[in-house]
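Under the UniProt record's numbering, think of the first position of the sequence shown as 1, with each following residue one higher. Beta carbons: idealized from backbone N, C-alpha and C, even for Gly. What follows is one structure encoded as structure tokens, with my remarks underneath.
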Amino acid sequence: MTHAIKIEQQYFEAVIARDKTFEIRYNDRDYNVGDKIVLEEIDENKEYTGRSAVGFITYLTDFMQQEDYVVFSFSIF
């Protein structure tokens, strides 16, 4: 499955620098290890900038998260 996910500029910059390798998300998409993610950058007005990063979910847990939230790690290429 492929998930297109909005991500704010400050976090997107950390993703493409490979400093940020995880997301905490509401699990309304039934995320699973191996799913493809497309992180689409949005600006301060919530508009798409046209930049994106593509990767795969490598680890997933709901341990110590609010109900219906998950943490997943990912690898971008």
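Exposure label - residue i; buried when at least 16 CB within 10 Å
i: Ile-37; result: buried
i: Phe-22; result: exposed
CA nearest to the CA of residue i, picked from the options
i: Phe-72; options: Arg-25, Glu-44, Ser-52; result: Arg-25
i: Phe-77; options: Met-64, Val-54, Asp-35, Leu-39; result: Val-54
Straight-line gap, residue i to residue j (C-alpha atoms, nearest Å)
i: Lys-6; j: Glu-41; result: 6 angstroms
i: Tyr-31; j: Ala-14; result: 22 angstroms
Neighbourhood of residue i by C-beta, 8 angstroms cutoff - its chain only, sequence neighbours within 5 removed
i: Gln-9; result: Glu-41, Ile-42, Asp-43, Glu-44, Thr-49
i: Tyr-69; result: Ile-24, Arg-25, Tyr-26, Asn-27, Asp-62
Neighbourhood of residue i by C-beta, 7 angstroms cutoff - its chain only, sequence neighbours within 5 removed
i: Val-33; result: Ile-57, Thr-58, Tyr-59, Leu-60
Contacting residues, own chain, Cβ-Cβ under 6 angstroms from residue i (five flanking each side not counted)
i: Arg-29; result: His-3
Can you list, in chain order, the stretches of the alpha helix (DSSP H) that have 4 or more residues and sit fully within the UniProt domain "DUF3850" (2-74)?
The UniProt domain "DUF3850" (2-74) contains these whole alpha helix (DSSP H) runs: 9-16.
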